[in-house]
Amino acid sequence: MPIFRRPALLGALASLLVAPAMAQTQITLQHALPLNSHYGAGATALKETLERLTNNRFRVNIQRNDNEREMIESVQIGTIDCTITSTGPVGNFVPAVRNVDVPFLFRDYAHARGVLDSEIGQGLLAQFTPRGLVGVIWLENGFRHLTNSRREVNAPADVRGMKVRTMENQVHMRAFSALGALPTPMAFSELVPALQQGTVDGQENPIPVIVANNLNQVQRFLSLTAHVYSPAVLICNPATLNRMSAADRAHFMEAARAAQRANRERVSADEASGVDELRRRGMTVVTQVDTAAFQAALAPAFAEFERTLDGALLRRIRDWRPAGG
Ligand code: PAF
Numbered sequence: 000m001p002i003f004r005r006p007a008l009l010g011a012l013a014s015l016l017v018a019p020a021m022a023q024t025q026i027t028l029q030h031a032l033p034l035n036s037h038y039g040a041g042a043t044a045l046k047e048t049l050e051r052l053t054n055n056r057f058r059v060n061i062q063r064n065d066n067e068r069e070m071i072e073s074v075q076i077g078t079i080d081c082t083i084t085s086t087g088p089v090g091n092f093v094p095a096v097r098n099v100d101v102p103f104l105f106r107d108y109a110h111a112r113g114v115l116d117s118e119i120g121q122g123l124l125a126q127f128t129p130r131g132l133v134g135v136i137w138l139e140n141g142f143r144h145l146t147n148s149r150r151e152v153n154a155p156a157d158v159r160g161m162k163v164r165t166m167e168n169q170v171h172m173r174a175f176s177a178l179g180a181l182p183t184p185m186a187f188s189e190l191v192p193a194l195q196q197g198t199v200d201g202q203e204n205p206i207p208v209i210v211a212n213n214l215n216q217v218q219r220f221l222s223l224t225a226h227v228y229s230p231a232v233l234i235c236n237p238a239t240l241n242r243m244s245a246a247d248r249a250h251f252m253e254a255a256r257a258a259q260r261a262n263r264e265r266v267s268a269d270e271a272s273g274v275d276e277l278r279r280r281g282m283t284v285v286t287q288v289d290t291a292a293f294q295a296a297l298a299p300a301f302a303e304f305e306r307t308l309d310g311a312l313l314r315r316i317r318d319w320r321p322a323g324g
């Protein structure tokens with residue numbers, strides 16, 4: 000190599016050595032369940048899609064935290080970027096969300112997913128903004144069923160006097176009081192010790208949660224009450240999204256849609272196999288539940304929700320049909 004070219008070469012090498020490493024942005028995403036769960040499936044799809052679309056300029060750090068209220072507060076103050084949470088505690092931050100927590104509001108998964116993806120769901124997501132949060136996309140937890148350590152539950156009379164852990168959710172608590180149960184709100188992190196110590200007799204959660212958290216180890220009876228659909232939502236701190244370029248925000252939204260698909264697919268798969276799995280693990284499963292009796296017992300609570308929540312919105316949700324359906 001001619002001697003006069005060496006300084007240029009050395010200069011290029013030196014600039015390579017001092018060139019800053021490609022800037023990388025870390026996104027912290029917390030949720031309450033094991034990685035091998037319907038939330039884990041959503042979080043993993045978000046991570047893989049965002050990292051792929053941005054050539055790893057964005058890295059998603061998935062963490063577990065089984066206190067959903069605490070996670071929402073952390074997103075609000077910006078100590079974490081995003082959370083996937085059930086709507087359990089969300090109504091305490093965005094009151095309009097309480098409407099989708101009403102028991103027996105959604106007929107089935109197609110109804111719930113259709114409503115949440117429609118302008119009704121988009122309208123609810125828009126209400127996160129004035130609360131210093133971004134409601135990015137609806138995911139799901141699933142239809143909730145009752146488990147307990149005392150007896151088979153077929154009808155409302157069977158839950159009378161039963162101490163049932165509920166989420167920190169006023170709508171759910173009101174409904175369980177109407178059934179004559181003793182609702183005991185607490186964070187999910189406190190649930191297993193409370194069941195072990197007998198502070199509560201029962202709890203209610205979707206099949207994917209009961210399976211992923213081995214609740215069969217602390218509960219004997221499962222009743223397929225499907226008394227309420229439990230939506231979940233991806234919530235982020237506004238500054239996290241505002242710092243992104245328009246192109247990266249579009250990548251983030253694509254990753255959020257991938258999360259929604261993966262989460263819903265996993266819920267459907269767990270619903271299909273979960274009840275048999277729980278029987279195999281020794282739970283007594285009550286399939287013949289008197290749904291009409293549960294709905295009748297909830298009549299006073301329903302009348303109250305029409306007044307205290309958004310009655311017109313509740314009717315729109317009930318009347319919703321898929322396009323052409
Ligand atoms: O019961 C709850 O608190 C929620 O369903 C859970 C398990 C944290 C999932 O969102």
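Counted from 1, the sequence shown has number 55 at position 56 by numbering that gives the first Met the number 0; the numbering is strictly sequential. For each residue, glycine too, the CB sits at the ideal point set by N, CA and C.
{"Check": "Cα-Cα separation between residue 71 and residue 82, rounded to whole angstroms", "Outcome": "7 Å"}
{"Check": "Which of helix, strand or coil DSSP assigns to residue 299", "Outcome": "helix"}
{"Check": "DSSP beta-bridge partners of residue 284", "Outcome": "221"}
{"Check": "Of the listed residues 61, 94, 141, nearest to residue 80 (C-alpha basis)", "Outcome": "61"}
{"Check": "Range of the contiguous alpha helix (DSSP H) that encloses residue 43", "Outcome": "37 to 52"}
{"Check": "Ligand 1 heavy atom lying under 8 Å from the CB of residue 84", "Outcome": "yes"}
{"Check": "Check whether residue 309 and residue 95 have beta carbons under 9 Å apart", "Outcome": "yes"}
{"Check": "Short CB-CB distance (under 9 Å) between residue 324 and chain B", "Outcome": "The structure shown contains no chain B; it holds only a single protein chain."}
{"Check": "Residue 11 classed as buried or exposed, judged by whether at least 16 other C-beta atoms fall within 10 angstroms", "Outcome": "The predicted model places residue 11 with a pLDDT of 48, which falls under 50 and marks its position as unreliable; any figure quoted below should be read in that light. Exposed, by the Cβ-count rule."}
{"Check": "When 92, 151, 77, 201 are compared against residue 289, the one with the closest alpha-carbon", "Outcome": "151"}
{"Check": "Residue 212: CB within 8 Å of a non-hydrogen atom of ligand 1", "Outcome": "yes"}
{"Check": "Residue 32 CB to nearest heavy atom of ligand 1 below 8 Å", "Outcome": "yes"}
{"Check": "Terminal residues of the alpha helix (DSSP H) in which residue 139 lies", "Outcome": "Run containing residue 139: none in the alpha helix (DSSP H); it sits in the beta strand (DSSP E), 133 to 147."}
{"Check": "Contact set for residue 178: own chain, Cβ-Cβ below 8 Å, skip 5 residues either direction", "Outcome": "155, 158, 159, 293, 296, 297"}
{"Check": "Identity of the residues DSSP links to residue 63 by a beta bridge", "Outcome": "30"}
{"Check": "Residue of 206, 188, 182 minimising C-alpha distance to residue 200", "Outcome": "182"}
{"Check": "Residue 181 in three-state terms, based on DSSP", "Outcome": "strand"}
{"Check": "Alpha-carbon to alpha-carbon, residue 86 and residue 229", "Outcome": "7 Å"}
{"Check": "Three or more C-beta pairs below 8 Å linking the region 270 to 287 and the region 205 to 216", "Outcome": "yes"}
{"Check": "Proximity to residue 49 [Cα-Cα], best of 27, 69, 317", "Outcome": "27"}
{"Check": "Among 120, 108, 184, the one whose alpha carbon lies nearest that of residue 140", "Outcome": "108"}
{"Check": "Sub-9 Å separation of residue 211 and residue 88 beta-carbons", "Outcome": "no"}
{"Check": "Residue 231: CB within 8 Å of a non-hydrogen atom of ligand 1", "Outcome": "yes"}
{"Check": "Beta-carbon proximity check, residue 168 vs residue 65, cutoff 9 Å", "Outcome": "no"}
{"Check": "Residue 166 Cβ short of 8 Å to ligand 1 heavy atom set", "Outcome": "yes"}
{"Check": "Bounding residues of the beta strand (DSSP E) (the contiguous stretch that carries residue 164)", "Outcome": "162 to 165"}
{"Check": "First through last residue of the alpha helix (DSSP H) which encompasses residue 82", "Outcome": "That residue, residue 82, is in no alpha helix (DSSP H); its beta strand (DSSP E) goes 81 to 85."}
{"Check": "Cβ neighbours of residue 300 in the same chain (closer than 6 Å, five flanking residues each side left out)", "Outcome": "173, 174, 177"}
{"Check": "Simplified DSSP state of residue 93, which is helix, strand or coil", "Outcome": "coil"}
{"Check": "Under the three-state DSSP convention, the category residue 244 falls into", "Outcome": "coil"}
{"Check": "Residue 118 burial status per 10 Å Cβ neighbour count (16 or more: buried)", "Outcome": "exposed"}
{"Check": "Local conformation of residue 201 per DSSP, three classes", "Outcome": "strand"}
{"Check": "With 16 other Cβ atoms within 10 Å as the buried cut-off, status of residue 269", "Outcome": "buried"}
{"Check": "First and last residue of the uninterrupted alpha helix (DSSP H) at residue 118", "Outcome": "118 to 125"}
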